[in-house]
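There are 4 protein chains.
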Amino acid sequence: MSEIEEFEAKAKRYFGKEVTDRDRAIFEGAITLGAVYHQFVGTPISKDAKVVSTLEKAIEKTMSLQPYIEKIEVKIDFNKIREASHPYDYSEVGGRNLSIRLVSKYGKSRVHMEMSYIQELDYPLMFIEKIEEED
Amino acid sequence: MSEIEEFEAKAKRYFGKEVTDRDRAIFEGAITLGAVYHQFVGTPISKDAKVVSTLEKAIEKTMSLQPYIEKIEVKIDFNKIREASHPYDYSEVGGRNLSIRLVSKYGKSRVHMEMSYIQELDYPLMFIEKIEEED
Amino acid sequence: MSEIEEFEAKAKRYFGKEVTDRDRAIFEGAITLGAVYHQFVGTPISKDAKVVSTLEKAIEKTMSLQPYIEKIEVKIDFNKIREASHPYDYSEVGGRNLSIRLVSKYGKSRVHMEMSYIQELDYPLMFIEKIEEED
Amino acid sequence: MSEIEEFEAKAKRYFGKEVTDRDRAIFEGAITLGAVYHQFVGTPISKDAKVVSTLEKAIEKTMSLQPYIEKIEVKIDFNKIREASHPYDYSEVGGRNLSIRLVSKYGKSRVHMEMSYIQELDYPLMFIEKIEEED
Chain A
3 MSEIEEFEAK AKRYFGKEVT DRDRAIFEGA ITLGAVYHQF VGTPISKDAK
53 VVSTLEKAIE KTMSLQPYIE KIEVKIDFNK IREASHPYDY SEVGGRNLSI
103 RLVSKYGKSR VHMEMSYIQE LDYPLMFIEK IEEED
Chain F
3 MSEIEEFEAK AKRYFGKEVT DRDRAIFEGA ITLGAVYHQF VGTPISKDAK
53 VVSTLEKAIE KTMSLQPYIE KIEVKIDFNK IREASHPYDY SEVGGRNLSI
103 RLVSKYGKSR VHMEMSYIQE LDYPLMFIEK IEEED
Chain P
3 MSEIEEFEAK AKRYFGKEVT DRDRAIFEGA ITLGAVYHQF VGTPISKDAK
53 VVSTLEKAIE KTMSLQPYIE KIEVKIDFNK IREASHPYDY SEVGGRNLSI
103 RLVSKYGKSR VHMEMSYIQE LDYPLMFIEK IEEED
Chain B
3 MSEIEEFEAK AKRYFGKEVT DRDRAIFEGA ITLGAVYHQF VGTPISKDAK
53 VVSTLEKAIE KTMSLQPYIE KIEVKIDFNK IREASHPYDY SEVGGRNLSI
103 RLVSKYGKSR VHMEMSYIQE LDYPLMFIEK IEEED
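Top line first, the protein sequences correspond to chains A, F, P and B. Quick note on my numbering: the first sequence kicks off at 3 and runs consecutively. Quick note on my numbering: the second sequence kicks off at 3 and runs consecutively. Quick note on my numbering: the third sequence kicks off at 3 and runs consecutively. Quick note on my numbering: the fourth sequence kicks off at 3 and runs consecutively.
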C-alpha cells in the first residue's frame, strides 16, 4: 500500500459506513467550493487583465491542492467588476464577479460543480451540474 | 408556493436531474464546512474563555445562516491554543484548535458532518459522520 | 524588566531608529484596521439583531488582542444589509455595512482611527481621526 | 484637478488636521500589511515552486492596488512549508512561511515596512524598516 492509500485507509474509518464514493466526491468538491469563496472574497482586483488572470491562476493552482479535486477553473468577470467611481480605481472579489467550476473525483464517482452569479436569482448560486459514475 | 419555495424551485433547475436529496444535503453541508475554516482561520484568539466562547457563538450564528444548515457547533480547544512564548500573548484560529460539527438537511435527508484535528493523522480532517434518510 | 518589556525591547530592534511612538501607534492601529476588514469580509449576516451583535462582539474581542490596541468598536449597519430579494435571506459583511473605530496606544501616543462607508465617496474609507500625544 | 486629486481632496477632510504625510504613508502601508496576512492566511500551498510563485505574484499584484502602495514583494518560504506527514501533501499560508516587504508613499514620505517570521521572537513580526522624507 502506498503512503497515500495508507492515509486514506485511516481517514476513511472516520466516515460513516453508509458513505459511498458518490457521497464522498460531492463532499470533497463542495468543501473546496465553499473554501474558495471564503478564502478569496475581499481580495482587491482591478480591470487590468494581467492582475485578474494572475489571481485566477493562483486560485486554481492553490485550491486544486485540496484532496480529490481533479480540476478547477476560476473566472473573474471583468464586466462585473464594479466600475470604480473613485480614482483609487480598484474593486474586490465577490459573489457577483467570481465564478468557479470544479471537478472532484473519488473512487468511481466524478462530480462537476459550479458557483456562478445567477441574474434571475440575484445570487451567487453553488450547484451540482453533473454526477458521473463509472461502472 | 411561498417565496422560499419559489426561489428553491428556480435554483433547482441549475442542478443536474440526477441530484438527489441526499446529494444535495451533503453538498450544502460541505460548502459550509469549507467556508467556516477559510473564513475564520487566522482570527486572533487568546486563552481567555470569554473571548473564545464569544467567537464560537459568532461562528455558529453566522454560519448557520447558510442554506440548509440545521445546526452547527463550533469548539475552539483551549488546550490546543499554542502557549504564547511571547507576551503579545495571543494565538490564532487554525486547524489544530478548531472543530466544527454540523447537520445539514435537504428534503428527506439529514447529514451529520465534522471537522476535527485528528492526532493519528496530524491533520484537521473533514468527514461525514452519518447520513439519515427518512422514508 | 517584565516578560512583555523584554519581548518589546527585542522587537524594537527590528524597527528603524527614526521610528517614533507616534509612528508606531499609527502603524499598529492601521495593521488591525486592515486585518479586521480582510478577516471578516464575506461572513454571512442577517438582519437578526442577535446575530449581528454577536458578530460585532466577537470581532471586537478577538481583534483587540492585537498588539497596542486599546479599544475597538465594531458596528454592522442593519440598514445597509442588502435586503435579500431571495429567501435564503442573508447577506454578508462588506465595506458598505461594516464600520470600525479603534484606538491604538504606544508609549505617549494615542491614535483614533476609523473605517466607515462614506456616501459622498462611495467608498469604505479608512482614516485617522485624531492623534494625541502626552507631554 | 484630476479625478484622483479631487477624490483625495475629499477623503483628506476626514483625516485630523494634525495628520502629516509621514503619518499617512505609515497608515496606508500598515493597512495593507494587516490586509495581506488576514486575506491569504489559510490558502493551501505545496512545495511545488510553480504553485508558490504563482501565489506570490497574485498577492503582489492584487495588494499593490491598495492606495499609496508603491511596491510590494511577497515570499513564501519553501523550507518553512511544513513537511506534510500525510499524503494529501499540502500545507497552508501562515505566519511562519509568509514574508512581505512593502513600500508606501504619500506626498513627500516613503515608508519601508516588512512582515517576517523572527526566529528569536517565535513570532511573525510586522515592523517599519525605514522612513524616508524628501525635503
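All C-beta atoms in this analysis are idealised placements derived from N, C-alpha and C, irrespective of residue type, glycine included. Note that the structure is a prediction, hence the values are computed from the model and not measured.
Alpha-carbon spacing of Met-115 (chain B) relative to Ser-4 (chain A), whole angstroms: 46 Å
Closest residue to Pro-46 (chain A) among B:Glu-136, B:Gln-68 and B:Ser-48 (Cα-Cα distance): B:Gln-68
Nearest-angstrom Cβ-Cβ length linking Ala-27 (chain P) and Lys-132 (chain P), presumed shorter than 8 Å: Contact doesn't hold; Cβ gap of about 11 Å is too wide.
At which residues does the beta strand (DSSP E) containing Tyr-72 (chain B) begin and terminate? According to the sequence shown, residue 72 (chain B) is Glu rather than Tyr. Taken as a continuous stretch (DSSP letters only), the beta strand (DSSP E) holding Glu-72 (chain B) covers 71-78.
When the cut-off is 8 Å and only beta carbons count, does Leu-67 (chain F) lie next to chain P? yes
Taking the DSSP output, what are the residues bridged to Thr-101 (chain B)? A small fix is needed here, since residue 101 (chain B) is Ser in this sequence, not Thr. B:Lys-77.
Residues of its chain near Gly-44 (chain B), where Cβ-Cβ distance is below 7 Å and the 5 sequence neighbours each way are ignored: Glu-94 and Val-95
Per DSSP, which one or two residues make a beta bridge with Phe-129 (chain B)? B:Glu-116
Interface residues of the region 100-124 of chain B facing chain C [CB-CB below 8 Å]: Reference to chain C is not applicable here, since the protein chains of this structure are A, F, P and B.
So who's on the other strand from Glu-134 (chain B), going by DSSP bridges? B:Arg-112
When you compare each of P:Ile-102, P:Lys-14, P:Thr-22 and P:Ile-130 to Ala-37 (chain P) by their alpha carbons, which one comes out closest? P:Ile-102
Would you report the Cα separation of Val-21 (chain P) and Thr-64 (chain P), rounded to the nearest angstrom? 27 Å
What does DSSP give as the partner residue(s) for Tyr-47 (chain B) in the beta ladder? The amino acid at residue 47 (chain B) is misidentified as Tyr; the sequence shows Ile. Ile-47 (chain B) is bridged to B:Ser-93.
Taking all protein chains shown into account, decide if Asp-79 (chain B) is buried (16 or more other Cβ within 10 angstroms of its Cβ) or exposed. exposed
Output the boundary residues of the alpha helix (DSSP H) element that contains Asp-2 (chain A). One cannot answer for residue 2 (chain A) here, as it falls past the ends of chain A, which runs 3 to 137.
Proximal residues of chain P, C-beta to C-beta of Ser-20 (chain B) below 8 Å: The residue asked about is misnamed: residue 20 (chain B) is Glu in this sequence, not Ser. Correct list: Lys-132 and Ile-133.
C-alpha distance - Asp-25 (chain P) paired with Gln-121 (chain F), whole-angstrom precision: 44 Å
Which residues DSSP lists as bridging Lys-107 (chain P), in chain order: P:Arg-112
CB contact below 8 Å: Gly-36 (chain A) versus chain P: no
Which of the three DSSP states, helix, strand or coil, is assigned to Ser-4 (chain A)? coil
Which residues in the same chain have their Cβ closer than 7 Å to the Cβ of Val-165 (chain B), if we skip the five residues on either side of it in sequence? A question about residue 165 (chain B) goes unanswered here, because the residues of chain B that appear run from 3 up to 137.
Just to confirm my understanding: we take Tyr-92 (chain B), look at its own chain, exclude 5 residues before and 5 after, and list those with CB closer than 7 Å. What are they? Pro-46, Ile-47, Ser-48 and Ala-86
Kindly list the residues whose CB is nearer than 6 Å to the CB of Ile-74 (chain A), restricted to its own chain and excluding five residues on each side of it in sequence; keep chain order. Glu-62, Met-65, Ser-66 and Leu-104
Sequence-distant residues of the same chain with beta carbon closer than 8 Å to Val-113 (chain A), five excluded per side: Arg-24, Ala-27, Ile-28, Gly-31, Val-105, Ser-106, Lys-107, Ile-130, Lys-132, Ile-133 and Glu-134
Ordered along the chain, which non-local residues of its own chain (more than five positions away) have a Cβ less than 8 Å from that of Tyr-125 (chain A)? Gly-97 and Tyr-119
Please state the DSSP three-state secondary structure of Phe-9 (chain A). helix
Label Ile-71 (chain P) either buried or exposed according to how many other C-beta atoms from any shown protein chain fall within 10 Å of its C-beta, with 16 as the threshold for buried. buried
Please name the residue in A:Leu-127, A:Lys-12 and A:Leu-123 whose C-alpha comes closest to that of Glu-8 (chain F). A:Leu-123
Interface residues of chain P around Phe-29 (chain B) at Cβ under 7 Å? Ile-28, Ala-32 and Ile-130
Would you decide whether Ile-6 (chain B) is buried or exposed? Buried here means 16 or more other CB atoms lie within 10 Å of its CB. exposed
Looking at the C-beta of Val-53 (chain P), does it have a partner C-beta in chain A at a distance below 8 Å? no
Secondary structure of Ser-1 (chain A), DSSP reduced to three states: The question about residue 1 (chain A) has no answer here: the residues shown for chain A are numbered 3 through 137.
In whole angstroms, what separates the C-alpha of Lys-52 (chain P) from that of Ala-60 (chain F)? 10 Å
Among the residues of its own chain, which have a CB less than 6 Å from the CB of Asp-50 (chain F), if the five just before and after it don't count? none
Pull up the distance between the alpha-carbon of Glu-136 (chain P) and that of Ser-111 (chain P), whole angstroms please. 7 Å
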